[in-house]
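Each residue of the sequence shown is one higher than the last, beginning at 202 in our numbering. A virtual CB, placed ideally from N, CA and C, is assigned to each residue, including glycine. Contents: one structure, followed by commentary.
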Amino acid sequence: MTEDDAPYWVKVHHSVTGEVIVAACDKGLLGKKIRISEKFETRVSEDFYMGRTANWEHIAKLIETATIINLLGDDIVNAAIEAGIVPEGASSTIGGVKHVQLIK
């Protein structure tokens with residue numbers, strides 16, 4: 202698998218308070234708008250999620266160092282559940298798209 206074939210975007214953020222935030226989303230969601238309700242929508246931000254493309258194995262290694270995890274997309278959330286990182290039932294949906302945020 203080449204980097205272009207990788208199914209996810211991932212970016213690591215370091216806060217001034219020492220938090221390490223791993224933000225990852227399904228590749229096809231980046232830049233898309235997700236309708237939350239009739240009056241509200243959100244955009245999957247390149248600034249927040251677009252660091253590099255990656256496969257699940259790479260993201261799982263990054264998650265080991267994270268203090269906060271933010272995952273958006275059915276595929277990546279399901280991968281995290283299957284890996285035992287995200288407890289079953291811990292995800293929510295935003296406009297029909299799975300989302301999870303965990304604080305270690």
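Checklist entry - Does the stretch 245–261 come close enough to the stretch 203–221 to have 3 or more Cβ pairs within less than 8 Å? => result yes
Next on the checklist: Quick check: the stretch 216–226 against the stretch 254–273, are at least 3 beta-carbon pairs closer than 8 Å?
Outcome noted: yes
Item to check | Beta-carbon gap between residue 287 and residue 273 smaller than 8 Å | outcome: no
Checklist entry - Under the three-state reduction of DSSP, which class applies to residue 217: helix, strand or coil? => result coil
Item to check | Euclidean distance between Cα positions of residue 247 and residue 259 | outcome: 19 Å
Item to check | Under the three-state DSSP convention, the category residue 287 falls into | outcome: coil
Checklist entry - Near residue 276, which residues of its chain fall below 8 Å by C-beta distance, leaving aside the five closest residues on each side in sequence? => result 208, 209 and 227
Next on the checklist: Please return the same chain residues whose Cβ sits closer than 8 Å to the Cβ of residue 257, not counting the five positions on each side in sequence.
Outcome noted: 208, 209, 277, 280 and 284
Checklist entry - What first and last residue would you give for the beta strand (DSSP E) that runs through residue 303? => result 298–304
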